[in-house]
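Sequential numbering from 1 applies to the sequence shown in UniProt numbering. For each residue, glycine too, the CB sits at the ideal point set by N, CA and C. These numbers were taken from a predicted model, which means no experiment stands behind them. What follows is a single structure, written as structure tokens, with notes after it.
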Amino acid sequence: MPREIITVQAGQCGNSIGSQFWPQLCQEHGISQDGNLEDFATEGGDRKDVFFYQSDDTRYIPRAILIDLEPRVLNGIQTGPYKNIYNPENFFVGKNGVGAANNWGDGYQTGELVHEEVMEMIDREADGSDSLEGFMMLHSIAGGTGSGLGSFLLERLNDRFPKKIIQTYSVFPDTQNDNVVVHPYNSLLSMRRLTQNADSVVVLDNGALSRIAADRLHVQEPSFQQTNQLVSTVMSASTTPLRYPGYMHNDLVSIVASLIPTPRCHFLMTSYTPFTGANVEQAKTVRKTTVLDVMRRLLQPKNRMVSTIPGKKSCYISILNVIQGDVDPTDVHKSLLRIRERKLATFIPWGPASIQVALTKKSPYIPMNHRVSGLMLANHTSIATLFKRIVRHYDTMRKRNAFMEGYKKTAPFADNLNEFDEAKEVVTDLIAEYEAAENADYLNPEGDQAAGEAGDKRVTNLKMSNQQQSKADLIAERQSNLPLPEDPPVASDWNSADARTVNVSSGERQSDISTGDASSTGLREPATKGSGVRQEGGADLSGVGRQGKEGLDGLPKDAKK
Numbered sequence: 001m002p003r004e005i006i007t008v009q010a011g012q013c014g015n016s017i018g019s020q021f022w023p024q025l026c027q028e029h030g031i032s033q034d035g036n037l038e039d040f041a042t043e044g045g046d047r048k049d050v051f052f053y054q055s056d057d058t059r060y061i062p063r064a065i066l067i068d069l070e071p072r073v074l075n076g077i078q079t080g081p082y083k084n085i086y087n088p089e090n091f092f093v094g095k096n097g098v099g100a101a102n103n104w105g106d107g108y109q110t111g112e113l114v115h116e117e118v119m120e121m122i123d124r125e126a127d128g129s130d131s132l133e134g135f136m137m138l139h140s141i142a143g144g145t146g147s148g149l150g151s152f153l154l155e156r157l158n159d160r161f162p163k164k165i166i167q168t169y170s171v172f173p174d175t176q177n178d179n180v181v182v183h184p185y186n187s188l189l190s191m192r193r194l195t196q197n198a199d200s201v202v203v204l205d206n207g208a209l210s211r212i213a214a215d216r217l218h219v220q221e222p223s224f225q226q227t228n229q230l231v232s233t234v235m236s237a238s239t240t241p242l243r244y245p246g247y248m249h250n251d252l253v254s255i256v257a258s259l260i261p262t263p264r265c266h267f268l269m270t271s272y273t274p275f276t277g278a279n280v281e282q283a284k285t286v287r288k289t290t291v292l293d294v295m296r297r298l299l300q301p302k303n304r305m306v307s308t309i310p311g312k313k314s315c316y317i318s319i320l321n322v323i324q325g326d327v328d329p330t331d332v333h334k335s336l337l338r339i340r341e342r343k344l345a346t347f348i349p350w351g352p353a354s355i356q357v358a359l360t361k362k363s364p365y366i367p368m369n370h371r372v373s374g375l376m377l378a379n380h381t382s383i384a385t386l387f388k389r390i391v392r393h394y395d396t397m398r399k400r401n402a403f404m405e406g407y408k409k410t411a412p413f414a415d416n417l418n419e420f421d422e423a424k425e426v427v428t429d430l431i432a433e434y435e436a437a438e439n440a441d442y443l444n445p446e447g448d449q450a451a452g453e454a455g456d457k458r459v460t461n462l463k464m465s466n467q468q469q470s471k472a473d474l475i476a477e478r479q480s481n482l483p484l485p486e487d488p489p490v491a492s493d494w495n496s497a498d499a500r501t502v503n504v505s506s507g508e509r510q511s512d513i514s515t516g517d518a519s520s521t522g523l524r525e526p527a528t529k530g531s532g533v534r535q536e537g538g539a540d541l542s543g544v545g546r547q548g549k550e551g552l553d554g555l556p557k558d559a560k561k
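Encoded structure:
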């Protein structure tokens, strides 16, 4: 049964990305510009129903809601080559057509006025789904519509669909060269909603996107179309396990559960290699791609699509590599061992060190220039440095109340500016949470208290909302249904100085690796003593995620077979 996902595109940035994402999905599934299945698209094995539904005339229609307060981008989509694939009832344009003027407050208050019409579109798409799994929002947090109206929609989606997963692809501003002078205000206000109302946020930094695109395309100033194509490629790769399902990581819940051990640390960064596509003929070529080479490149900081400044204690919380192409699972296992030997990845000290790998088939309808390509979805503590830059720029402007009059004229700030203070508090707590995750006593309540005396600024004893608790229970229930490896290999810690080779028999390897079109494998480690992730004699849960029923810890009470 398909697990459908509804895509919500908000603002100029979100719709520009969507205008490249949907044609790419159509090409990968053999769908024509009119939504009809091409004559050559007969191989099957894919799940088109996750992102498309069939109309009465058997055409494939995207499960997409396109929202903008000014018409320029949507007009371009409605007159473009793929204009006929969309449902015309799912376009929403602001009645006055002037946009939100890069003002978060303007976008948010407009949401109050138009929410009935927009939510009717979303409800109609949800009612047309057999087994809706969640929502995927595309937006920017620097402008007015994507940030303000996007924030409002996140709140409404969380209230209306409390048990559905909400994942966002959020484009963060280039803090050095952004042309929106008030982006620190808009970003901070949006960050509060992303922290409180989203289950997974894939962070895409405009500065890093421009740097990567310039490096691969040999241009000094990449166009928005070129950077949007990179985002579209990342989105396509990250949804491949859903569209070409395998043994594990075949739905959104399992991906979220494997990457996000604690609910608040749900901001993910990405890497992709090699960067090629129909619009980038001049892209740098990679002469030869092997599994080891691709996985090694994915770990290189220069390939991350987020501009962070890792500190001495920065480390990975979790990694999921989506490897696409003709791959022998044995090569994956050898590559994981080689990465361990070279100590290319440093993991958290309080949990299992695990690089999980999902092997997915490539589309038979698009020729690949490379034998292997890869995407890394990673939860890394250094992402807090991006949030610190936003707070620092916000403090600089707020100190002088610069450009504040435009916000005071909107409904959220008509009486006071408490919204700014509350947003800063939420983001500050988020930064403290990521910094605390770098410590070995992160899961130890007594350690938390001791760390707090030494400067741990986390808010403790947080109560989960009903929506958050229901989603945590849903993910824990999903985890209990995931298959566990019967005898996980035991080895030294990734972060230790004497990392040794793990000998895994072919039988053990095949128990973790499906031989079908798509499969998953991971080199899993036992948990640190006392972490609560794995009890003595129990099965290792690191390969299937760790979010459970015990509040922020998210750790299941019983890990026994």
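Going by DSSP, Asp106 is part of the alpha helix (DSSP H) stretching over Trp104 to Asp127. Secondary structure of Asn15 (DSSP, three-state): helix.
At least 7 Å separates the beta-carbon of Lys164 from that of Tyr244.
Contact between the stretch 94-111 and the stretch 33-48 is absent: fewer than 3 CB-CB pairs across the two stretches fall below 8 Å.
When the five nearest sequence neighbours on each side are left out, the beta carbons in the same chain lying within less than 7 Å of the beta carbon of Gln54 are those of Tyr60, in order along the chain.
Judged by their CB atoms, His266 and Tyr316 are not nearer to each other than the 7 Å cut-off. When only Cα atoms are considered, His139 and Ser187 end up about 12 Å apart.
When rounded, the separation of the alpha-carbon atoms in Ile431 and Lys388 is 7 Å.
Selection Leu37, Ile339, Leu386 and Pro261 evaluated against Tyr442 yields Pro261 as nearest (Cα-Cα).
Residue environment for Ala414: exposed (fewer than 16 other C-beta atoms within 10 angstroms of its C-beta).
For Met295, the enclosing alpha helix (DSSP H) has its first and last residue at Val291 to Leu298.
If you look at Asp174, you'll find it isn't in any beta strand (DSSP E); DSSP assigns it neither H nor E. In this structure, Ile383 keeps its C-beta atom at 7 Å or more from the C-beta atom of Met295. Given a length threshold of 3 residues, each whole run of the beta strand (DSSP E) inside the stretch 175-208 is given here in chain order: 200-205. Inter-segment contact for the stretch 345-362 and the stretch 322-332 is present: three or more beta-carbon pairs are separated by less than 8 Å.
Relative to Ala411, the option among Ala436, Gly105, Ala41 and Asn228 whose CA is nearest is Gly105. Residue range Leu132 to Ser140 is occupied by the beta strand (DSSP E) that includes Glu133, with no alpha helix (DSSP H) assigned at that position.
Glu4 carries a strand assignment under DSSP once its states are collapsed to helix, strand and coil.
Per DSSP, Met397 has no beta bridge partner at all.
Here Phe91 is buried, its C-beta having at least 16 other C-beta atoms within 10 Å. As the crow flies, the alpha-carbon of Tyr434 is around 9 Å from that of Arg264. Non-local beta-carbon contacts of Gly30 in its own chain, meaning distances under 7 Å to residues more than five positions away in sequence, involve Leu37, Glu38, Phe40, Ala41 and Tyr365 in chain order. In this structure Val8 is in contact with Phe135, their Cβ atoms being roughly 6 Å apart against a cut-off of 8 Å. Selection Val291, Gln220 and Thr110 evaluated against His370 yields Val291 as nearest (Cα-Cα). Collapsing the DSSP output to three states places Ser363 in coil.
Pro81 is classed as exposed because its beta carbon has fewer than 16 other beta carbons within 10 Å across all chains shown. Lys343 and Ile255 have their alpha carbons spaced roughly 25 Å apart. Contact holds between the stretch 106-121 and the stretch 400-411, because three or more Cβ pairs, one in each stretch, are under 8 Å apart.
In this structure, the CA atom of Tyr247 is about 18 Å from the CA atom of Ser354. Considering only Gln226, Ala213, Met119 and Val114, the residue with the shortest C-alpha distance to Ile17 is Gln226. Excluding sequence positions up to five before and after Arg338, its CB lies within less than 7 Å of the CB of Leu292, all in the same chain and listed in chain order. Contact between Thr168 and Met137 holds: their C-beta atoms lie close to 4 Å from each other, under 8 Å. Gly325 is bridged by DSSP to Val372. Check the Cα spacing between Gly128 and each of Lys288, Val50 and Leu69: the tightest is with Val50. Per the C-alpha coordinates, the member of Ser258, Arg193, Asp178 and Asp57 positioned closest to Glu419 is Arg193. According to the DSSP assignment, Ala432 belongs to the alpha helix (DSSP H) that extends over Asn418 to Ala436.
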